[in-house]
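In the UniProt record's numbering, the protein residues as written are 1 to 709. A virtual CB, placed ideally from N, CA and C, is assigned to each residue, including glycine.
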């Protein structure tokens, strides 16, 4: 199938649940599981996850733990599986196959009653299992009433073998009278993709997607290995635990010989008293003449010598993880060799790689259409964020990030590039940025980096700035000096269409970020000022708050402008604008300068935009609480249903958004600047990687909308 995405319906429909089942051995179904639940979580509120059989009643199932943690599922663990493999074997031994299916069905229906939609992932292939895996999973899917989604392995198989396997699968599906959503063939060699897709474009009653092999997803991470072998973590930040292990090496040689065998991605296994190997590994990692290892395991229940540990501590920690185990070197090497790749909820890079791979090779919109249903008007934070990501990917924009040396910026940029959401340019010293990317072991080989100081664009940008600001007594030499500042350089990139939007502020002040935009990009037609909004993602809805970051004490005209622009921002992001102009008084009851300002702003906004549902003044509780609104403003079309809340001043707005964020656990996305000709957005200096990703995605959508005008 061609993975090109058609236009999604404005109100997608999801009715039936999905059952993912492996046709043969391999971990492909966990990758498909991730992409499908990512899709479902974007369009449905309460998602459940279910496995018919888990392996043990003592060790928790890896997939259930992964999904529960990543998607914050509220169901108890024992509600998300049918039975254990021991219980299943006992029932089968007693010839109670139907009883086994009934047990699973009962657990599934109990979960289903608590969820809008449930994703089921079939049992694992285990040698010696009494159950015929695919036949069993087909029976379970039928009895649960799910659409089946088989996953075939294409690794080390010719086109003919894959097509024969697909024919056999179709026969089995018909025998079991399964209703199929789609089939996925995963792990196919890159040189087979085109020919196989060509063969599959003929006569398939359901979609068949071909997903190429991705070597990094087939390799275990340091975290995978540490968990499986029960290793202690002596040193290394969380990010080092997500590095893939491409080889493992037992270091029993002298240092010169050992260095000859070091390869990129090696996990070095050595006794804990080999201080020479520990020191050589540290030095080799930081040397441009040697490849970078993934990590180090110290065996024999020994930690580094105190002097070595003191030296490491003085370096600020190790650039890779150092693990420790009690077992001897040979036993440890054997254990490591048996570890397979697994997804973990903390492994953002591997998750981003997996989602990027699957989403670019499977038609997710086509799958939604095949599920045919109606989505609730309720918007959760996850649904909101998912929708933003899909919109940004639909028409990729070029976003410039001036703070190219900042670790959080680099981690966010890696996720955005792996998900193929936007094109990114980092600003800063190229050698320093690439060295940092290498030290952090990020996958950003093709990222664009520009050094403003050395760029050939600097004279052009300086001349443009000089012409625009010479009436302010700016001379060319001053303009040229200013272009060394990444914020000014990035702003000129947008102004002259070398990029579509800019995000900054992780290490710079708001003024430093937005001053160049005020000077060069300026306001769009119809906007008298630049203001801001926050998207407040509550448990069951998304509200727009404005202005909480830019205009300290707006007058009535400015307040009206903020309200109109906030309504347009809400509409841009598929939030129906119902605007409440907030004050300490509701309706006509209050008097005073502050409430009069709000009344005047309401009149101005209504005269300029009579089409908007915009009312005020009203108090916050009357705006968002239907029961309060019924008492205070019973005839209002906005009260109790407001989606856009406009605060009378910055003091009120800033404190309110922070109070709501901290007290309710809401996710605050912003500030998002509005009113500029082209999008520039500011980050909080306390922003997280997720905050940066969300802000870049929103900036990309703003850029898409700017292209339409």
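Beta carbon of residue i nearer than 7 Å to that of residue j
i, j, result
"residue 689", "residue 411", "yes"
"residue 637", "residue 606", "no"
"residue 105", "residue 50", "no"
"residue 448", "residue 428", "no"
"residue 650", "residue 530", "no"
"residue 313", "residue 293", "no"
"residue 696", "residue 544", "no"
"residue 762", "residue 676", "In this structure the chain extends from 1 to 709, so residue 762 is not present and cannot be described."
"residue 679", "residue 532", "no"
Rounded straight-line distance, which links the Cα of residue j to that of residue i
i, j, result
"residue 220", "residue 308", "28 Å"
"residue 148", "residue 208", "13 Å"
"residue 381", "residue 541", "7 Å"
"residue 593", "residue 646", "17 Å"
"residue 704", "residue 173", "43 Å"
"residue 341", "residue 162", "23 Å"
"residue 63", "residue 71", "12 Å"
"residue 523", "residue 634", "38 Å"
"residue 182", "residue 367", "8 Å"
"residue 588", "residue 616", "9 Å"
"residue 165", "residue 61", "29 Å"
"residue 462", "residue 572", "34 Å"
"residue 596", "residue 475", "46 Å"
"residue 214", "residue 187", "7 Å"
"residue 197", "residue 238", "39 Å"
"residue 418", "residue 349", "8 Å"
"residue 661", "residue 653", "12 Å"
"residue 191", "residue 578", "53 Å"
"residue 600", "residue 556", "6 Å"
"residue 501", "residue 515", "15 Å"
"residue 714", "residue 507", "Given a span of 1 to 709 for the chain in the structure shown, any question on residue 714 remains unanswerable."
"residue 716", "residue 444", "Only positions 1 to 709 of the chain appear in the structure, and residue 716 is not among them; the question remains open."
Endpoints, beta strand (DSSP E) assigned at residue i
i, result
"residue 297", "295-299"
"residue 674", "667-674"
"residue 267", "266-271"
"residue 313", "Not the beta strand (DSSP E): residue 313 falls in the alpha helix (DSSP H), residues 306-314."
"residue 546", "542-546"
"residue 448", "448-450"
"residue 615", "613-618"
"residue 206", "Unbroken run through residue 206: none, as it is neither H nor E."
"residue 578", "578-582"
"residue 534", "531-537"
"residue 19", "18-22"
Where residue i falls: helix, strand or coil (DSSP)
i, result
"residue 279", "helix"
"residue 127", "For residue 127, the pLDDT reaches just 46, beneath the cut-off of 50, and the residue's location in the model is therefore unreliable, although a value from the coordinates is still provided. The answer is coil: DSSP assigns residue 127 none of H, G, I, E or B."
"residue 43", "helix"
"residue 321", "strand"
"residue 701", "helix"
"residue 598", "helix"
"residue 751", "With the chain covering 1 to 709 only, the question about residue 751 has no answer from this structure."
"residue 523", "strand"
"residue 569", "helix"
"residue 212", "strand"
"residue 250", "strand"
"residue 659", "helix"
"residue 693", "helix"
"residue 708", "helix"
"residue 375", "For residue 375, the predicted model reports a pLDDT of 39, less than 50, meaning its position is unreliable; a value from the coordinates is still stated below. Coil."
"residue 340", "coil"
"residue 681", "strand"
"residue 244", "strand"
"residue 604", "helix"
"residue 638", "coil"
Run of the alpha helix (DSSP H) containing residue i, from where it starts to where it stops
i, result
"residue 361", "348-361"
"residue 139", "133-144"
"residue 787", "Since the first and last residues shown for the chain are 1 and 709, residue 787 lies out of range."
"residue 333", "329-337"
"residue 630", "626-632"
"residue 262", "Run containing residue 262: none; DSSP gives neither H nor E here."
Contact test: residue i Cβ vs the ligand SAH heavy atom, cutoff 6 Å
i, result
"residue 635", "The ligand SAH is absent from the structure shown, which contains no ligands of any kind."
Output the residue ranges of the alpha helix (DSSP H) runs that lie fully inside the region 391-440 and measure 4 residues or longer, sorted by chain position.
Correct list: 407-418 and 430-439.
Fully enclosed by the region 32-115, which alpha helix (DSSP H) runs are 4 residues long or longer?
If you keep only unbroken alpha helix (DSSP H) runs of at least 4 residues inside the region 32-115, you get 62-70, 85-93 and 97-112.
Please go through the region 147-198 and give each complete alpha helix (DSSP H) segment of 4 or more residues, from N-terminal end onward.
With a minimum length of 4 residues, the unbroken runs of alpha helix (DSSP H) contained wholly in the region 147-198 fall at 159-175.
Contiguous alpha helix (DSSP H) assignments of at least 4 residues, all confined to the region 460-516
Positions of the alpha helix (DSSP H) runs, each at least 4 residues long and wholly inside the region 460-516, are given as 476-482 and 486-495 in order along the chain.
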